[in-house]
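Participant: Following this message is one structure expressed as C-alpha coordinates.
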Amino acid sequence: MLHNYNILKVARVFFDEPSKEHYLKEISQKSGLAHTSVTACLKKLCNEKIIKKENKIFGKRVFPVYRAEMESEDYIFYKKIDNLLRLKETKAVEKIWEILQPRVIVLFGSYCLGEDLEESDIDIFAETEVPQESAERLRKIRGLNRKINIYAKRSFNEVPLRLKRNIVNGIVLRGYIRHDEEENKR
(Lines of atoms letter the chains of each structure in order from A and count residues from 1; the text may use other names and numbers.)
(Lines give C-alpha, C1' and ligand atoms only; values in the text may rest on other atoms or scores of the structure.)
Protein backbone atom coordinates (compact mmCIF):
# COMPACT_ATOMS: atom_id res chain seq x y z
CA MET A 1 0.00 0.00 0.00
CA LEU A 2 2.83 2.41 0.77
CA HIS A 3 4.25 1.81 -2.71
CA ASN A 4 2.14 4.81 -3.76
CA TYR A 5 4.44 7.77 -3.10
CA ASN A 6 1.64 10.18 -2.18
CA ILE A 7 0.21 7.75 0.36
CA LEU A 8 3.70 7.32 1.84
CA LYS A 9 4.14 11.10 2.14
CA VAL A 10 0.82 11.38 4.00
CA ALA A 11 1.50 8.31 6.16
CA ARG A 12 4.86 9.77 7.18
CA VAL A 13 3.08 12.66 8.88
CA PHE A 14 1.57 10.06 11.23
CA PHE A 15 4.80 8.04 11.49
CA ASP A 16 6.74 11.19 12.49
CA GLU A 17 4.15 12.40 15.00
CA PRO A 18 2.14 9.35 15.98
CA SER A 19 0.65 10.68 19.22
CA LYS A 20 -0.56 13.98 17.76
CA GLU A 21 -3.90 14.97 16.21
CA HIS A 22 -3.60 16.14 12.61
CA TYR A 23 -5.87 18.39 10.56
CA LEU A 24 -6.24 18.32 6.78
CA LYS A 25 -4.52 21.67 6.21
CA GLU A 26 -1.54 20.66 8.37
CA ILE A 27 -1.22 17.26 6.67
CA SER A 28 -1.33 18.99 3.29
CA GLN A 29 1.47 21.38 4.31
CA LYS A 30 3.69 18.69 5.84
CA SER A 31 3.27 16.28 2.94
CA GLY A 32 3.53 18.97 0.25
CA LEU A 33 0.38 17.68 -1.43
CA ALA A 34 -2.85 19.40 -2.44
CA HIS A 35 -5.90 19.00 -0.19
CA THR A 36 -7.68 16.83 -2.77
CA SER A 37 -4.75 14.39 -3.00
CA VAL A 38 -4.39 14.32 0.79
CA THR A 39 -8.11 13.61 1.22
CA ALA A 40 -7.90 10.62 -1.14
CA CYS A 41 -4.81 9.30 0.69
CA LEU A 42 -6.43 9.76 4.10
CA LYS A 43 -9.44 7.75 2.97
CA LYS A 44 -7.19 4.86 1.91
CA LEU A 45 -5.16 5.03 5.12
CA CYS A 46 -8.39 4.96 7.17
CA ASN A 47 -9.65 1.95 5.21
CA GLU A 48 -6.37 0.13 5.93
CA LYS A 49 -6.67 0.93 9.68
CA ILE A 50 -3.40 2.87 9.66
CA ILE A 51 -5.09 6.07 10.80
CA LYS A 52 -8.52 6.93 12.21
CA LYS A 53 -10.79 9.88 11.61
CA GLU A 54 -12.71 11.71 14.31
CA ASN A 55 -14.83 14.83 14.16
CA LYS A 56 -14.16 17.80 16.41
CA ILE A 57 -16.73 20.51 16.95
CA PHE A 58 -15.58 24.11 17.22
CA GLY A 59 -18.59 26.37 17.72
CA LYS A 60 -21.01 25.42 14.97
CA ARG A 61 -18.39 23.94 12.67
CA VAL A 62 -17.26 20.33 12.47
CA PHE A 63 -13.66 19.59 11.55
CA PRO A 64 -12.25 16.15 10.77
CA VAL A 65 -9.16 15.29 12.79
CA TYR A 66 -6.90 12.32 12.10
CA ARG A 67 -4.80 10.19 14.45
CA ALA A 68 -2.41 7.29 13.98
CA GLU A 69 -3.89 3.85 14.79
CA MET A 70 -0.81 2.99 16.86
CA GLU A 71 -2.32 -0.27 18.14
CA SER A 72 -3.15 -1.53 14.65
CA GLU A 73 -0.97 -4.36 13.35
CA ASP A 74 -1.00 -2.73 9.92
CA TYR A 75 0.15 0.62 11.33
CA ILE A 76 3.03 -1.06 13.19
CA PHE A 77 3.97 -3.15 10.14
CA TYR A 78 4.11 -0.15 7.79
CA LYS A 79 5.87 2.01 10.39
CA LYS A 80 8.62 -0.62 10.71
CA ILE A 81 9.05 -0.67 6.94
CA ASP A 82 9.17 3.12 6.79
CA ASN A 83 11.74 3.25 9.60
CA LEU A 84 13.99 0.82 7.70
CA LEU A 85 13.38 2.73 4.47
CA ARG A 86 14.52 5.97 6.13
CA LEU A 87 17.72 4.32 7.34
CA LYS A 88 18.34 3.26 3.73
CA GLU A 89 17.41 6.64 2.18
CA THR A 90 19.67 8.59 4.55
CA LYS A 91 22.54 6.11 4.15
CA ALA A 92 22.71 5.97 7.96
CA VAL A 93 24.03 2.40 8.01
CA GLU A 94 26.75 3.26 5.49
CA LYS A 95 27.80 6.31 7.55
CA ILE A 96 27.98 4.23 10.74
CA TRP A 97 29.92 1.51 8.91
CA GLU A 98 32.40 4.03 7.50
CA ILE A 99 33.04 5.95 10.75
CA LEU A 100 32.94 3.13 13.33
CA GLN A 101 34.13 0.24 11.11
CA PRO A 102 32.12 -2.25 13.22
CA ARG A 103 31.82 -6.00 12.82
CA VAL A 104 28.05 -5.70 13.21
CA ILE A 105 25.33 -3.04 13.25
CA VAL A 106 22.05 -4.01 14.95
CA LEU A 107 18.88 -1.92 15.13
CA PHE A 108 16.86 -2.57 18.28
CA GLY A 109 14.34 -0.92 20.59
CA SER A 110 11.16 1.01 19.81
CA TYR A 111 12.31 2.18 16.33
CA CYS A 112 12.96 -1.43 15.34
CA LEU A 113 9.52 -2.45 16.65
CA GLY A 114 7.65 0.40 14.93
CA GLU A 115 6.60 1.71 18.34
CA ASP A 116 8.70 4.89 18.42
CA LEU A 117 7.10 8.19 19.38
CA GLU A 118 8.14 11.79 18.76
CA GLU A 119 10.66 11.80 21.62
CA SER A 120 12.04 8.29 20.91
CA ASP A 121 15.54 7.76 19.60
CA ILE A 122 16.98 5.15 17.27
CA ASP A 123 18.87 2.50 19.25
CA ILE A 124 21.79 0.90 17.43
CA PHE A 125 24.40 -1.53 18.69
CA ALA A 126 27.81 -1.48 16.99
CA GLU A 127 30.55 -3.97 17.85
CA THR A 128 33.67 -1.90 17.20
CA GLU A 129 37.16 -1.07 18.43
CA VAL A 130 36.42 2.62 17.88
CA PRO A 131 35.68 4.45 21.17
CA GLN A 132 32.14 5.44 22.16
CA GLU A 133 33.06 9.13 21.70
CA SER A 134 33.31 8.59 17.93
CA ALA A 135 29.74 7.29 17.92
CA GLU A 136 28.54 10.64 19.33
CA ARG A 137 29.34 12.27 15.95
CA LEU A 138 26.56 10.14 14.47
CA ARG A 139 23.86 11.32 16.91
CA LYS A 140 22.00 13.28 14.23
CA ILE A 141 21.76 12.26 10.58
CA ARG A 142 19.93 14.54 8.18
CA GLY A 143 16.64 13.08 6.99
CA LEU A 144 15.99 10.87 10.00
CA ASN A 145 13.08 11.89 12.18
CA ARG A 146 14.77 10.68 15.38
CA LYS A 147 18.14 11.04 17.12
CA ILE A 148 20.50 8.07 17.03
CA ASN A 149 21.77 6.43 20.20
CA ILE A 150 24.68 4.14 19.38
CA TYR A 151 25.88 1.58 21.92
CA ALA A 152 29.46 0.95 20.82
CA LYS A 153 31.25 -1.95 22.49
CA ARG A 154 34.43 -3.84 21.58
CA SER A 155 32.63 -7.15 22.02
CA PHE A 156 29.03 -8.30 22.20
CA ASN A 157 30.05 -10.17 25.36
CA GLU A 158 30.65 -6.82 27.14
CA VAL A 159 26.99 -5.88 26.79
CA PRO A 160 24.84 -6.28 29.95
CA LEU A 161 22.45 -9.26 29.75
CA ARG A 162 19.23 -7.18 29.72
CA LEU A 163 20.47 -5.06 26.84
CA LYS A 164 21.90 -8.12 25.10
CA ARG A 165 18.41 -9.66 24.91
CA ASN A 166 17.05 -6.52 23.23
CA ILE A 167 19.90 -6.48 20.73
CA VAL A 168 19.48 -10.17 19.85
CA ASN A 169 15.79 -9.52 19.17
CA GLY A 170 16.65 -6.58 16.90
CA ILE A 171 17.43 -6.45 13.19
CA VAL A 172 20.99 -6.99 12.00
CA LEU A 173 21.55 -4.22 9.46
CA ARG A 174 25.06 -5.25 8.49
CA GLY A 175 27.55 -7.92 9.59
CA TYR A 176 26.71 -10.59 12.15
CA ILE A 177 26.81 -11.06 15.92
CA ARG A 178 29.66 -13.26 17.14
CA HIS A 179 29.47 -15.27 20.36
CA ASP A 180 32.58 -16.44 22.15
CA GLU A 181 32.63 -20.13 23.01
CA GLU A 182 32.73 -19.26 26.71
CA GLU A 183 29.58 -17.20 26.33
CA ASN A 184 27.73 -20.06 24.63
CA LYS A 185 28.52 -22.43 27.54
CA ARG A 186 26.85 -20.16 30.12
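Position 60 of the sequence shown, counting from 1, maps to 50 under my numbering, and the rest follow consecutively.
Virtual Cβ for every residue (Gly too), placed ideally from N, Cα, C.
#1: Pick helix, strand or coil for ALA1, following the three-state DSSP scheme.
#2: Starting from ASP111 and walking both ways along the beta strand (DSSP E), at which residues does that stretch end?
#3: Determine the direct distance from the alpha carbon of ILE71 to that of ILE89, and round the result to whole angstroms.
#4: For TYR166, collect the residues of the same chain with a Cβ closer than 7 Å to its Cβ; drop the 5 residues on either side in sequence, then sort them by chain order.
#5: Is TYR182 helix, strand or coil by DSSP?
#6: Could you round the C-beta distance between SER18 and GLU108 to whole angstroms and report it? I think they count as a contact, below 8 Å.
#7: Using the rule of at least 16 other Cβ atoms within 10 Å of the residue's Cβ for burial, across every protein chain shown, is PHE5 buried or exposed?
#8: Please look up how many angstroms separate the CB atoms of LEU23 and VAL0, rounded, as I've assumed it's under 8 Å.
Facilitator: According to the structure shown:
#1: If DSSP states are grouped into helix, strand and coil, ALA1 belongs with the helices.
#2: In the DSSP assignment, ASP111 falls within the beta strand (DSSP E) that extends over 111 to 117.
#3: Taking the straight line from one Cα to the other gives about 25 Å.
#4: Same-chain partners within the cutoff: VAL94.
#5: With the chain running from -9 to 176 in the structure shown, residue 182 is simply not present.
#6: Taking C-beta atoms under 8 Å as the contact rule, SER18 and GLU108 fail to qualify, at a distance of about 20 Å.
#7: In this structure PHE5 is buried. Its beta-carbon is surrounded by 16 or more other beta-carbon atoms within 10 angstroms.
#8: Yes, LEU23 and VAL0 are in contact; Cβ-Cβ is about 7 Å, under 8 Å.
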